Structures are given as C-alpha cells and as structure tokens.
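Asks:
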Amino acid sequence: RNSPQRPAYGLYAEQLSGSPFTAPRGTNERSWLYRIRPSVKHTGRFKGAHYPLWKTAPNLGDHELALGQYRWNPLPMPSEPTDFLEGMRTVTTAGDVLGQSGMAAHVYVANRSMTDDHFFNADAEMLVVPQVGALRFVTEMGVIELRPGEIAVLPRGLVFKVELADAEVRGYVCENYGAKLTMPDRGPI
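Here my numbering runs 1092 ahead of the position in the sequence shown, where the first position is 1.
#1: Output the distance between the C-alpha atoms of T1148 and G1187, rounded to the nearest integer angstrom.
#2: Output yes or no for whether 8 Å exceeds the beta carbon distance between V1199 and L1167.
#3: Would you kindly check if the distance between the Cβ of V1220 and the Cβ of A1244 is under 8 Å?
#4: Below 8 Å CB to CB, which residues in the same chain sit around M1206 once its five sequence neighbours on both sides are set aside?
#5: Near G1249, what residues of its chain come up, given a Cβ to Cβ distance below 7 Å and the 5 sequence neighbours on each side ignored?
#6: According to DSSP, is Y1101 helix, strand or coil?
#7: Tell me the DSSP secondary structure of K1253 in three-state form.
#8: Please classify L1190 as buried or exposed, where buried requires at least 16 neighbouring CB atoms within 10 angstroms.
#9: Starting from P1222, trace the beta strand (DSSP E) both ways and give me its first and last residue.
#10: For T1174, report the span of its beta strand (DSSP E) as first-last.
#11: Using only CA atoms, which one of V1235, E1267, V1261, A1197 lies nearest to Q1223?
#12: Measure the C-alpha to C-alpha separation of P1276 and G1179 and round it to an integer number of angstroms.
#13: How close, in whole Å, do the beta carbons of P1240 and N1203 come, if the pair is a contact with beta carbons under 8 Å?
#14: Is E1242 buried or exposed, if buried means 16 or more other CB atoms sit within 10 Å of its CB?
#15: Relative to the alpha-carbon of W1164, which residue among G1263, E1232, M1218, P1096 has its alpha-carbon at the smallest distance?
#16: Assign G1225 to one of two classes, buried (16 or more other C-beta atoms within 10 Å of its C-beta) or exposed (fewer than that).
#17: Alpha carbon to alpha carbon, how far is M1169 from V1265? Give it in angstroms, no decimals.
#18: Report the option in Y1269, A1259, I1128, Q1161 whose CA atom is closest to the CA atom of M1195.
Shown next as structure tokens:
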C-alpha cells in the first residue's frame, strides 16, 4: 500500500521525502516511517550537537536556535496603507544569491494596491502563494489573477505591479535563486 491509512499496532505513518516535488517520478526518494508518536511530538527531546568547524550557510555568527518545529501566528493586517512590497517580511534564507543558489522565504500582508510603482526581481524567480485575499499581477506579458488555493511563479526579471482584488491580503513568497522551478514529469497522458 502506498499510503497506509491505518498502520498496524497503533503506529503513526509518516513519509520522509528526500527529493523535491519537482523531481521526475522515477527519481523520487521517499520512505515510509512508522512511529510510536508523531514527529511533531519530538520537539524538546533532543539537544544540539556542537561541531565548531561544521558550519551551515549562511553563517552569520554564533546563535542558539531551539531544535524542533517552529510555528508563527499569521502577521496582523496593517493599520496603515501598505502595499505588497512594503508588507513583505523575510522568515528565512538559505544559500547565496551571488552564487545563484538557495532561496528565501517571506510572508506578506497588504491593504492597498501598488499604484505608480512597478517592481522586478533581478535575483530570483518568485513563487507566490496567497493565503487570504486575491491578487492581480499586472505584468509586461499580461495579467495574472491569483486567489487562495492557487500558486504563481513570476520569472526572474519580469516587471510587474500588484493590485489587490480584496481589501486585505496575506500570503507567502518563495524566492528561488537557483535553477528554475519546473513542473513535475507526470509521465505519458
């Protein structure tokens, strides 16, 4: 069975994936794990390992991060007029934009459209995932209307402005500094 819904002995089934969702089907690397308790319950049970010569990029100095999963409450909607770019907040980065590898994860909130401003990202393509409210990207190639439950990829160097279809919007942006995102190979139709 590919997706066990009721594992034996009351265990929890979890899938560990070693490949991105964009990998061809034949090269997907995944393993089913059967646990006594779900991995989300493991937080706080482990201590950090310290190897002073083993660094993770970007190495921005010494820091102590708790092991385990993090959760953030949604950003509050702004009380002042805020557009898509002004409402962008970085959550994490990885890799090196100058080396064209890695990514940055952001959250955004906005309550007004971009009017006279336009923007293009020379560093990365942008994967946009709205959570609350619909967006309208007016680009030099046409208009993209994007609602929650949908995603859009804006190519590197594409000039655009963001108009709000709803009074308030919130969502996520992933900047991909590396190789272009591709659709997964679904095999012959």
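Don't be surprised by glycine CBs; every beta carbon is placed ideally from N, CA and C.
Owing to the predicted nature of the structure, the values given are computational and were not obtained by experimental measurement.
Replies: Let's see:
#1: For T1148, the predicted structure reports a pLDDT of 47, less than 50, and the residue's modelled location is therefore unreliable. The matter cannot be settled from this model.
#2: Using a Cβ distance threshold of 8 Å, V1199 and L1167 count as a contacting pair.
#3: Yes, the pair counts as a contact, with Cβ atoms nearer than the cut-off.
#4: Answer for M1206: D1175, F1176, L1177, K1253, V1254, E1255, listed in chain order.
#5: Answer for G1249: F1212, A1214, listed in chain order.
#6: If DSSP states are grouped into helix, strand and coil, Y1101 belongs with the helices.
#7: Three-state result, K1253: strand.
#8: It is exposed - the Cβ of L1190 has fewer than 16 other Cβ atoms within 10 Å.
#9: Element bounds for P1222: 1217–1224.
#10: Unbroken run through T1174: none, as it is neither H nor E.
#11: Comparing C-alpha distances from Q1223 to each of V1235, E1267, V1261, A1197 shows the shortest one belongs to V1261.
#12: Roughly 31 Å between the two C-alpha positions.
#13: That belief does not hold up - the Cβ atoms of P1240 and N1203 are roughly 16 Å apart, past 8 Å.
#14: E1242 should be labelled exposed.
#15: Looking from the CA of W1164, the closest CA among G1263, E1232, M1218, P1096 belongs to G1263.
#16: Classification of G1225: buried, given that the 10 Å Cβ count is 16 or more.
#17: The straight-line gap from Cα to Cα measures roughly 17 Å.
#18: Measuring from the Cα of M1195, the nearest candidate turns out to be Y1269.
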